[in-house]
Amino acid sequence: MTENTTPLADKGAIVTGSSRGIGAVTAGILARQGAGVVVNYRQKAPRANKVVAGIEAEGGRAVAVQGDLTSEEGRQAIVAAAVEAFGHVDVLVLNASGGMEADMGEDYALRLNRDAQVAMLDAALPHMPSGARVVFVTSHQAHFIESHPTLDAYEPVARSKKAGENALRDRLGELEAKGISLVVVSGDMIEGTVTATLLNRAEPGAIEARREAAGRLYSVEEFGAEVAAMATADVPTGHTEYVGGAGHFGVAE
C-alpha cells in the first residue's frame, strides 16, 4: 500500500507568523500535502507574497493575509480569508510569537503569546469542523520554565508562552467535545531564528552554549518539518511533541 502524500487534500490551514522562518517552512509543507494555506504576516507583505509564490509554483494553494494577532480586526481578517478561499479551517498552527521587541510595550509578550493565541483560536473555532487540529508551537525554555530557569533576556517571553500553552490546555475539554484536537510542539533553540539572534545579542555566547549542551540545534527547515508533521500525526489530544534537546530538561527522547 502506498503512503498518501496528500493527507490534507481539500483542507484549509492557517499558519500564523508564516512569512518567514519556521512558519514559512510549515506552510510550504502543508501546501505540498494538499492543504490550502493562509500565509499570515504582520508587516512584511513582500516576504509573505514570496512564500505564496513558492507554494503556487509547486502547484499548491495559498493566500497571503496581513493580520496582527493582537488585534480583533487582524484575527478576523485571517479567518475570513481562510473561509473565503478554502471553506473552513481544518488546521490552525499557532506559530507566531514574540516579546523581545523593544518598542512594543512591557505587556506585549503576554498580549501576543497568551491572549492573542486564545483569541485566535476563538476566532477560528466557528469554522473548524470535527477532526480539525490546533498545533501550538513553543520552546523547551518556555515549556519547562516552571522547573528549569532560562536566560534572563528570554524569561518574560518564556513565562508568557507557558501561560499561552496553559490557557490553550484549559480548553482541551471544550475542544474534544467538538472533535478538535490540540497538539503542542516544543523545540530547543532553533538555529537562524529571530529569537535566537536576539538572545545571542542580549547574552553573547548563548547559542553556542545551548548548542554544546544539547549536542546540536535544529535548523529552521528541520523544526518546520516537525511542526507540519503534527498537523496529521496520529497522537492524542493534549500530546506534547519534544523536538531536540529535551533530555537536558529530564524528558527521555
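Just so you know, our numbering puts 239 at position 238 of the sequence shown, and the rest follows in order with no gaps. Think of the CB as a built atom: it goes at the ideal place given N, C-alpha and C, for glycine as much as any other residue.
Query raised in the report: Considering only residues of the same chain and omitting the five flanking positions on each side of Leu70, which have a CB-CB separation below 7 angstroms?
Result: Within the sequence shown, the letter at position 69 stands for residue 70. In the same chain as Leu70, and ignoring 5 residues on each side of it, the C-beta atoms closer than 7 angstroms to its own belong to Thr17, Arg76, Ala97, Leu113, Ala117, Met121, in chain order.
Query - Per DSSP, the bridge partner or partners of Ala63 - result: Counting from one through the sequence shown, the residue named residue 63 turns up at place 62. Ala63 pairs with Val38.
Query - CB contact flag (Leu95, Phe137, <7 angstroms) - result: Taking the sequence shown and counting its residues from 1, one reaches residue 95 at position 94. Taking the sequence shown and counting its residues from 1, one reaches residue 137 at position 136. Inclusion of Leu95 and Phe137 in the CB contact set at 7 angstroms is warranted, their separation being smaller than that value.
Query raised in the report: Helix, strand or coil for Ala232 per DSSP?
Result: On the sequence shown, residue 232 is found 231 positions in, with the first residue counted as 1. Reduced to three states, the DSSP call for Ala232 is coil.
Query raised in the report: First and last residue of the alpha helix (DSSP H) that includes Ala97?
Result: In the sequence shown, residue 97 corresponds to position 96, counting from 1. Here Ala97 belongs to no alpha helix (DSSP H), and DSSP marks it neither H nor E.
Report task. Return the Cβ separation of Val186 and Val244 in integer angstroms, given the expectation that the two are a contact with Cβ distance under 8 angstroms. Result -> Taking the first residue of the sequence shown as 1, we reach residue 186 at position 185. Taking the first residue of the sequence shown as 1, we reach residue 244 at position 243. Right, their Cβ atoms sit about 6 angstroms apart.
Query raised in the report: Run through DSSP, which three-state label would Val84 get?
Result: Along the sequence shown, one-based indexing puts residue 84 at 83. Val84 falls in the helix class under three-state DSSP.
Query raised in the report: To which residues does DSSP link Phe250 through a beta bridge?
Result: In the sequence shown, counting from the first residue as 1, residue 250 sits at position 249. Answer is none; Phe250 lacks a bridge partner.
Query raised in the report: So what's Gly165 in DSSP terms, helix, strand or just coil?
Result: Translated into positions along the sequence shown, residue 165 becomes position 164. Secondary structure of Gly165 (DSSP, three-state): helix.
Query raised in the report: Taking Cβ to Cβ, would you say Ala154 is nearer than 7 angstroms to Leu218?
Result: Counting from one through the sequence shown, the residue named residue 154 turns up at place 153. Counting from one through the sequence shown, the residue named residue 218 turns up at place 217. Judged by their CB atoms, Ala154 and Leu218 are not nearer to each other than the 7 angstroms cut-off.
Report task. Can you tell me which of the three DSSP states Glu192 falls into? Result -> In the sequence shown, the residue the question calls residue 192 occupies position 191. If DSSP states are grouped into helix, strand and coil, Glu192 belongs with the strands.
Query raised in the report: Roughly how many whole angstroms lie between the Cα atoms of Leu169 and Val184?
Result: Looking up residue 169 in the sequence shown gives position 168. Looking up residue 184 in the sequence shown gives position 183. For Leu169 and Val184, the distance between alpha carbons rounds to 10 angstroms.
Query raised in the report: Thinking C-alpha only, which one of Glu177, Ala86, Asp108 is nearest Gly239?
Result: Position 238 of the sequence shown holds residue 239. Just measuring C-alpha positions, the residue of Glu177, Ala86, Asp108 sitting nearest Gly239 is Glu177.
Query raised in the report: Sorted by chain position, which residues of the same chain lie with C-beta nearer than 8 angstroms to Val119's C-beta, five sequence neighbours on each side aside?
Result: In the sequence shown, residue 119 corresponds to position 118, counting from 1. Excluding residues up to 5 positions away in sequence, Gly165, Ala168, Leu169, Arg172 lie with their Cβ nearer than 8 angstroms to the Cβ of Val119 in the same chain.
Requested in this report: Taking Val39 and Ile79 to be in contact with their CB atoms under 8 angstroms, please state how far apart those CB atoms are, rounded to whole angstroms.
Outcome: On the sequence shown, position 38 is the one that residue 39 refers to. On the sequence shown, position 78 is the one that residue 79 refers to. Right, the Cβ-Cβ distance comes to about 6 angstroms (below 8 angstroms), so this counts as a contact.
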